[in-house]
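Let me begin by presenting the structure, written as structure tokens, before commenting on it.
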Amino acid sequence: MTTPIKAALLGASGYTGADLLRLGVRHPGIEFVYLTANTHAGKPMSSVFPHLGGVGLPDLITNEDVDFSKVDVVFCGLPHGTSQTLIAEIVGKNDHLRVIDMGADFRFRNPDHYQLAYGARHVAPELQAKAAYGLTEHNRDAIRDAKVIACPGCYPTATLLALLPLVRSGAMSTDDVIIDAKSGVSGAGRGLKQNTLMAEAGESVSPYAVGTHRHAPEIEQEISLVSGAPVAVNFTPHLIPMSRGELITAHVKLGNAQNADEVRAVLAQAYADEPFIRIADKGVIPSTAHVRGSNYCVLNVFEDRIPGRVIVIGVIDNLVKGSAGQAIQNFNLAFGFDEAAALEALPLFP
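Heads up: the sequence shown is residues 1 to 350, going by full-length UniProt numbering.
The following block contains the structure:
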């Protein structure tokens with residue numbers, strides 16, 4: 001029997017931390033030895049998330065109380081701006097450690113772009129050079145050996161899974177790309193915010209960060225890298241009154257593909273051997289209900305009524321494939337486990 005990889009989870013009291021534990025406690029190769037949540041230090045995990053009781057998890061502690069010399073991997077679920085200093089410090093003192101970051105601090109390949117998107121200077125640019133962008137299906141070679149694996153944002157995950165094969169093949173044009181995105185309220189985190197209160201978000205759909213969302217430059221970074229030229233996208237996110245789930249609708253111009261069937265065929269070929277990417281049958285409209293609670297992404301392509309354009313739809317669970325599940329998928333890749341380990345569960349329905 002393989003000795004489990006000893007893991008610490010920083011930021012265990014957030015939604016992504018909770019889902020990482022929900023999945024990770026059943027992983028045969030992970031042993032969680034430290035869980036941190038500074039405001040809940042000293043409490044059992046079950047007092048913060050009752051559904052995680054009875055599975056043998058350690059009590060919550062502060063980040064400062066973790067002995068990083070005793071773990072092999074650190075999963076980080078801290079907010080942007082708070083993790084880069086801590087990650088740089090622990091990696092600098094513990095050369096054996098690998099970090100899988102579910103936050104935003106190492107997603108930008110150029111640290112200057114981080115400052116443009118988040119309004120603060122990146123404090124660990126030297127570590128950024130050792131980081132790999134953690135979109136598993138499109139960056140496996142870099143992820144396998146990276147010191148830091150930066151899991152993409154949830155919106156970029158859904159969008160890039162839908163569009164990167166089309167950009168790479170030339171099936172779509174990179175001109176005039178419009179992305180309409182919708183996410184459940186868990187995407188806003190667990191902190192108290194007026195716009196996510198039930199009385200505010202219930203029975204209402206609302207766009208937010210219109211024209212300014214920080215995931216837009218992240219999407220542009222990866223599309224531009226594949227395209228070989230700078231690409232700008234029109235990206236608008238919306239808050240939907242449901243707990244989890246994410247749907248993106250991308251309106252794109254055709255490139256060398258002639259119609260939606262040819263575009264769908266490109267996606268089917270690109271993802272033929274991928275365990276978590278499904279191309280829906282022709283005419284089947286992807287729904288967040290098709291992926292709820294799972295690490296799957298479902299994609300499909302439809303003709304637009306405007307000649308020369310198609311509509312690409314993608315759905316994921318924002319907390320799983322969009323965060324915690326992707327983190328575990330990257331862990332599996334980095335530590336030599338079957339990529340689907342602990343992620344085999346089918347979607348929940350109804």
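Glycine included, C-beta positions come from ideal geometry on N, C-alpha and C.
request  = Scan the UniProt domain "Semialdehyde dehydrogenase NAD-binding" (6–146) and note each continuous alpha helix (DSSP H) run of 4 residues or more that stays entirely inside, going in chain order.
outcome  = Entirely contained in the UniProt domain "Semialdehyde dehydrogenase NAD-binding" (6–146), the alpha helix (DSSP H) runs reaching 4 residues are, in chain order, 15–24, 45–48, 83–93, 111–118, 125–128, 140–145.
request  = Kindly list the residues whose CB is nearer than 8 Å to the CB of PHE68, restricted to its own chain and excluding five residues on each side of it in sequence; keep chain order.
outcome  = Numbered from its first residue, the sequence shown carries residue 68 at position 68. Excluding sequence neighbours, PHE68 sits near ALA8, VAL74, ILE90, LYS93, ASN94, LEU97.
inquiry  = My parser needs the beta strand (DSSP E) runs of 3 or more residues fully inside the segment 219–292; what are they?
reply    = Listed in chain order, the complete beta strand (DSSP E) runs (minimum 3 residues) inside the segment 219–292 are 233–240, 246–253, 277–279.
key: VAL233 vs ALA257 beta-carbon contact at 8 Å   = As a working note, residue 233 is residue 233 in the sequence shown. As a working note, residue 257 is residue 257 in the sequence shown. Judged by their CB atoms, VAL233 and ALA257 are not nearer to each other than the 8 Å cut-off.
message = Assuming GLU246 and ALA158 are in contact, meaning their beta carbons sit under 8 Å apart, how far apart are those beta carbons, in whole angstroms?
response = Within the sequence shown, numbered from 1, the residue matching residue 246 stands at position 246. Within the sequence shown, numbered from 1, the residue matching residue 158 stands at position 158. Their Cβ separation, rounded to whole angstroms, is 5 Å, which keeps GLU246 and ALA158 in contact under 8 Å.
Reference PRO230; option with closest CA among HIS80, ALA104, GLN84, GLU218 = Here the question's residue 230 lines up with position 230 in the sequence shown. Looking at the Cα atoms, GLU218 is the closest of the given residues.
query = Can you give the beta carbon distance from SER206 to LEU239, rounded, assuming they're within the 8 Å contact cut?
reply = Here residue 206 corresponds to residue number 206 of the sequence shown, with the count starting at 1. Here residue 239 corresponds to residue number 239 of the sequence shown, with the count starting at 1. The pair is a contact, with the Cβ atoms about 5 Å apart (cut-off 8 Å).
ask   = With distances taken from CA atoms, which of VAL99, LEU163, VAL148 is nearest LEU267?
value = Sequence index remark: in the sequence shown, residue 267 carries index 267 (1-based). If we check each option's Cα against that of LEU267, LEU163 comes out closest.
request  = Name the residue from VAL71, LEU60, ASP105, ASP59 whose alpha carbon lies nearest to the alpha carbon of SER78.
outcome  = What you label residue 78 is simply residue 78 of the sequence shown in a count that begins at 1. Correcting the residue type first, residue 78 is Leu in the shown sequence and not Ser. The residue among VAL71, LEU60, ASP105, ASP59 with its C-alpha nearest the C-alpha of LEU78 is ASP105.
task = Within 10 angstroms of the Cβ of PRO350, are there 16 or more other Cβ atoms? Answer buried if so, exposed if not.
result = By one-based count along the sequence shown, residue 350 stands at place 350. In the assembly as shown, PRO350 is an exposed residue. Its beta-carbon has fewer than 16 other beta-carbons within 10 Å.
task = Taking 8 Å as the cut-off, decide whether the C-beta atoms of LEU23 and GLY325 are in contact.
result = Within the sequence shown, the letter at position 23 stands for residue 23. Within the sequence shown, the letter at position 325 stands for residue 325. In this structure, GLY325 lies closer than 8 Å to LEU23 by Cβ.
ask   = Across which residues does DSSP place ILE149 in a beta bridge pair?
value = The residue you call residue 149 lines up with position 149 of the sequence shown. Partner(s): ILE100, ALA132.
inquiry  = On the CB-based measure, 16 or more other CB atoms within 10 Å of its CB, does GLU137 come out buried or exposed?
reply    = Mapped onto the sequence shown, residue 137 falls at position 137. GLU137 comes out buried.
message = I'd like to know if the segment 109–116 and the segment 172–183 are in contact, where contact means that at least 3 CB-CB pairs between them fall below 8 Å.
response = Segments in contact, no.
message = By the three-class DSSP mapping on this structure, what secondary structure does SER169 have?
response = In the sequence shown, counting from the first residue as 1, residue 169 sits at position 169. DSSP places SER169 within a helical segment (H, G or I) once states are collapsed to three.
ask   = From which residue to which residue does the alpha helix (DSSP H) around ALA201 run?
value = Counting from one through the sequence shown, the residue named residue 201 turns up at place 201. For ALA201, the enclosing alpha helix (DSSP H) stretches over residues 198–201.
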